[in-house]
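Novice: Submitted below is the structure of interest, expressed as structure tokens.
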Amino acid sequence: MRYLLTLSLLSLGTLVFAQETLDLEANSECELFSVKKDFDLNERLKKIKDLGGQLVTVYLIKGKSNKIKSTYTGKVDLTLIERGESPLNNMTSVLIVTEDKGNGQMVSQFPLTDDNSYRIYLAECLDR
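For the sequence shown, this note's numbering gives the first residue as 618, with consecutive numbering after it.
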């Protein structure tokens, strides 16, 4: 009986600590900012402006095995770009993604478009 209880607890612990990984190859056609360095700033800014109001899914990954640390889906917010107060480099490096949590609550996240830890995908493309 004690053996079964121990075995059950061990398998439960394995399920709790198992982390999902992101398959970069399978989703490569949906990734929005695959080039992380040496990109044209004006082209990147145009691409971000074209995404305004669209749903994107962001994965924060870690390590060579691409373990998913967090994920969220929200609309691209262009408020800071429309104000034009930030330098071009900042406007092309940081994306504002606003999640609707319901009951009028909105939460904004700030993934980096030039960081390998952030993978940003068009949500409708991932749904296919």
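For glycine and all other residues, C-beta sits at the position ideal for the given N, C-alpha and C. Remember, it's a predicted structure, so these values are computed and weren't measured experimentally.
#1: Helix, strand or coil: how does DSSP classify leucine 672 here?
#2: Excluding the 5 residues preceding and the 5 following tyrosine 676 in the sequence, name in chain order all residues of the same chain whose CB lies nearer than 7 angstroms to its CB.
#3: Quick one: what's got a C-beta closer than 6 angstroms to leucine 705's C-beta in the same chain, skipping five residues either side?
#4: When the Cα atoms are used, what is the spatial distance from leucine 622 to glutamate 637?
#5: By the DSSP assignment, the alpha helix (DSSP H) with arginine 661 in it spans what residues?
#6: DSSP puts lysine 692 in a beta bridge; with which residues?
Specialist: The relevant details are as follows:
#1: Locating residue 672 in the sequence shown gives position 55, counting from the first residue. For leucine 672, the three-state secondary structure derived from DSSP is strand.
#2: As a first step, residue 676 must be located in the sequence shown, where it is residue number 59. Same-chain partners within the cutoff: Leu639, Ile685, Thr688 and Arg736.
#3: For this step, residue 705 is matched to residue 88 along the sequence shown. Excluding residues up to 5 positions away in sequence, Leu658 lie with their Cβ nearer than 6 angstroms to the Cβ of leucine 705 in the same chain.
#4: For the purposes of this step, residue 622 is identified with residue 5 of the sequence shown, where counting begins at 1. For the purposes of this step, residue 637 is identified with residue 20 of the sequence shown, where counting begins at 1. Its pLDDT being 36, under 50, leucine 622 is placed unreliably by the model, and the measurement read from it follows with that caveat. Taking the Cα positions, leucine 622 is about 26 angstroms away from glutamate 637.
#5: In the sequence shown, counting from the first residue as 1, residue 661 sits at position 44. Counting along the chain, the alpha helix (DSSP H) containing arginine 661 begins and ends at 658 to 667.
#6: On the sequence shown, residue 692 is found 75 positions in, with the first residue counted as 1. In the DSSP output, where bridge partners are listed per residue, lysine 692 has Leu672 and Thr715.
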